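Note sheet for the following structure.
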Amino acid sequence: EAGVTQFPSHSVIEKGQTVTLRCDPISGHDNLYWYRRVMGKEIKFLLHFVKESKQDESGMPNNRFLAERTGGTYSTLKVQPAELEDSGVYFCASSPREGAAFFGQGTRLTVV
Amino acid sequence: DQQVKQNSPSLSVQEGRISILNCDYTNSMFDYFLWYKKYPAEGPTFLISISSIKDKNEDGRFTVFLNKSAKHLSLHIVPSQPGDSAVYFCAAVAHNFGNEKLTFGTGTRLTIIP
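Same order as they appear, the protein sequences are chains A and B.
133 is the number of the first residue of the first sequence in our numbering; add one for each residue after it.
60 is the number of the first residue of the second sequence in our numbering; add one for each residue after it.
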């Protein structure tokens, strides 16, 4: 069974540009989460989808971040326009109705 | 305000000995705790969990202990093996209103010395 897949694995963009990160959860997992780790600090929650609905987006830093999960399958996280402080590793995770979350390998975003 | 704290950024342990990783939390609404292990350039991998109704959960070489009154949990690895060298994250969940988000600590880098 395939795990959580994230694309791209690395992205380097200039300040002011737009970047879109993609996450393919484990098939059948209704819960999908986005997290971010900045500069070796703790992994911080961004938002939580249940199927295609946003259950909790309290961790989204500001309105430059937009997450979607059309059809309740894969999800995208768009940053527009990107700022220097958005650099970090973005993790996606998915889980079934009950149980631990499984994480993807992450997307390392560098804004220069 | 960090609700989950791992005060030891690093720990070195001799192979074959016991590794003890500690975690403290402040939010009394947390009712489920997890440990994740992370290798470089990979995502966190689920290791073991414990519900707040228990004080111990064991899975092979890994045991998690929970002390609710002290708001403290620990992960014991015995015997420690070189493949255990990784960053270990403690995480907590407060299951209110269907919330399943994880609150992580900053991690402890464990190095097993052969």
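We put the CB at the ideal spot given by N, CA and C, even for glycine.
All values reported here derive from a predicted model rather than from experimental measurement.
- Listed along chain A, no residue sits closer than 8 Å to B:G119 by beta-carbon distance, the nearest being about 16 Å off.
- By alpha-carbon distance to B:S67, the top candidate from B:I172, B:T167, B:I171 is B:T167.
- Ranked by how close their Cα comes to the Cα of B:L169, the residues B:H131, B:Q62, B:V72 have B:V72 in first place.
- Between A:G160 and chain B, the shortest Cβ-Cβ separation is not below 7 Å.
- The C-alpha of A:E174 lies about 8 Å from the C-alpha of A:R168.
- With contacts defined by Cβ atoms closer than 7 Å, A:H161 and A:S226 form a contacting pair.
- Excluding its 5 nearest sequence neighbours in each direction, A:S143 has C-beta neighbours in its own chain below 8 Å: V151, L153, T239, R240, L241, T242, listed in chain order.
- Within chain B, the residues whose beta carbon sits less than 9 Å from that of A:F235 are Y95, K97, E101, G102, P103, T104, F105, listed in sequence order.
- Three or more pairs of CB atoms, one per stretch, sit closer than 8 Å, so the stretch 90 to 105 of chain B contacts the stretch 218 to 237 of chain A.
- Near chain B, meaning a CB-to-CB distance below 9 Å, the residues of the stretch 149 to 176 of chain A are N163, Y165, Y167, R169, G172, K173, E174, I175, K176.
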